[in-house]
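Numbering (mature numbering (1 follows the signal peptide of the UniProt record, and there is no 0)) for the sequence shown: -24 to -1, 1 to 189.
First the structure, in the form of structure tokens, and then the observations on it.
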Amino acid sequence: MRSRPLAALAMAACLALTTVAAHAQDGYRQPLDRIVAVVNEDAIMASQLDDRVEQAMARLRASDMDTPPEQALREQILDRMIVEEIEVQMAERMNLSVDDTELNRQVRAVANQNGVSLEQFADRLESQGMSLSQVRDQIRREMLIMKVQQALVSSRINISESEVERYLQQQGVGTSREEARQAIFQRKAGDELEKWVQEIRGEAFVEKRLNQG
């Protein structure tokens, strides 16, 4: 599974809604939510996974891309959710947080990326059955994950002067040393992030129950 580059925080305006479908409606009682994975001391619920799968399928259809078999997609998305849960748990242990100023700035940035004002963004979310507060929670979670990655992955990256010189020679005139360092960092960050994700995945207690029940 390839992880997101460290440099890019892809803030999707889609939220994995965590609801427990255990209510009676028109005399029909829907089945209780169930656990599809245990990650250390926390659980990922089927309702969370279902929503993420639906969102992924909707994005694929909107992009006119072929949709993979649903079971394979569910497996891939659950693996991503497991890693996200591990990263959030690490953020909590490290006492990392996202203050309201940071969060508000990022929420506005997401609205701007969609070409709308914050009020219009909230209206659009409501029309899709979501709320701004739910999306704020998801963005806060994404920002926490980014902070963990920056704190723990960046420390693993070393850039030598010879690497900078070699990059400058390859690029030719017009590239500064700082730009060269940033480019090298981004390339290494992607590789190191993938290695790190595999390490933390292997160290965590994970029990998948996707095919149970």
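The beta carbon of each residue, even a glycine, is placed where N, CA and C say it ideally should be.
Quick caveat: nothing in here was measured; it's all calculated off a predicted structure.
Smallest Cα separation from residue i: which of the options?
{"i": "Ala22", "options": "Ala34, Thr77 and Met57", "result": "Met57"}
{"i": "Met70", "options": "Gln146, Lys123 and Asp9", "result": "Lys123"}
{"i": "Asp27", "options": "Gly105, Glu154, Gln96 and Gly178", "result": "Gly105"}
{"i": "Ala32", "options": "Asp167, Glu17, Arg153 and Arg50", "result": "Arg50"}
{"i": "Glu61", "options": "Asp40, Ile121, Ile160 and Ile135", "result": "Ile121"}
{"i": "Ser109", "options": "Asp76, Gln146 and Arg163", "result": "Asp76"}
Applying the 10 Å Cβ sphere with the 16-neighbour rule, what's the burial state of residue i?
{"i": "Ala34", "result": "exposed"}
{"i": "Ala87", "result": "buried"}
{"i": "Leu8", "result": "exposed"}
{"i": "Glu63", "result": "buried"}
{"i": "Met66", "result": "buried"}
{"i": "Val149", "result": "exposed"}
{"i": "Phe97", "result": "buried"}
{"i": "Ala85", "result": "exposed"}
{"i": "Ala156", "result": "buried"}
{"i": "Leu169", "result": "buried"}
{"i": "Arg153", "result": "exposed"}
Leaving out the 5 sequence neighbours to the left and right, which residues in its chain are closer than 8 Å to residue i when beta-carbon positions are compared?
{"i": "Met119", "result": "Leu(-16), Val74, Glu78, Leu79 and Gln82"}
{"i": "Tyr143", "result": "Thr151, Ala156, Ala159 and Ile160"}
{"i": "Gln145", "result": "none"}
{"i": "Leu72", "result": "Leu120, Lys123, Val124 and Ala127"}
If you draw a straight line from the alpha carbon of residue i to that of residue j, how long is it in whole angstroms?
{"i": "Val140", "j": "Ser130", "result": "17 Å"}
{"i": "Asp167", "j": "Gln126", "result": "14 Å"}
{"i": "Val92", "j": "Glu179", "result": "42 Å"}
{"i": "Asn16", "j": "Glu175", "result": "15 Å"}
{"i": "Ser136", "j": "Leu128", "result": "20 Å"}
{"i": "Val29", "j": "Gln47", "result": "10 Å"}
{"i": "Asp55", "j": "Ile160", "result": "28 Å"}
{"i": "Glu68", "j": "Arg117", "result": "11 Å"}
{"i": "Ser138", "j": "Ile115", "result": "38 Å"}
{"i": "Phe181", "j": "Pro45", "result": "28 Å"}
Shorter than 9 Å from the beta carbon of residue i to some beta carbon of chain D?
{"i": "Gln174", "result": "The structure shown has no chain D; it contains just one protein chain."}
Identify, in the order they occur along the chain, each residue of the same chain with its Cβ nearer than 6 Å to the Cβ of residue i, setting aside the five sequence neighbours on each side.
{"i": "Lys184", "result": "Ala13"}
{"i": "residue 192", "result": "What is shown of the chain runs -24 to 189, which leaves residue 192 out entirely."}
{"i": "Leu36", "result": "Thr43"}
{"i": "Ile20", "result": "Val12, Ala13 and Met57"}
{"i": "Gln52", "result": "none"}
Taking 7 Å as the limit between beta carbons, can you name the residues of its chain near residue i, skipping five residues before and five after?
{"i": "Ser39", "result": "none"}
{"i": "Ser107", "result": "Leu101"}
Closer than 8 Å to a non-hydrogen atom of the ligand HEM - does that hold for the CB of residue i?
{"i": "Gly105", "result": "The model depicted lacks the ligand HEM and carries no ligand whatsoever."}
4-residue-minimum alpha helix (DSSP H) runs that sit fully inside the segment 25 to 71, ordered along the chain
Listed in chain order, they are 46 to 69.
As an exercise, report each continuous alpha helix (DSSP H) stretch of at least 4 residues that is fully enclosed by the segment 152 to 182, in chain order.
DSSP runs (the alpha helix (DSSP H)) wholly in the segment 152 to 182: 153 to 179.
May I have a chain-ordered list of the alpha helix (DSSP H) segments no shorter than 4 residues that lie completely inside the segment 93 to 124?
Taking only runs of at least 4 residues, the alpha helix (DSSP H) segments lying wholly in the segment 93 to 124 are 94 to 103.
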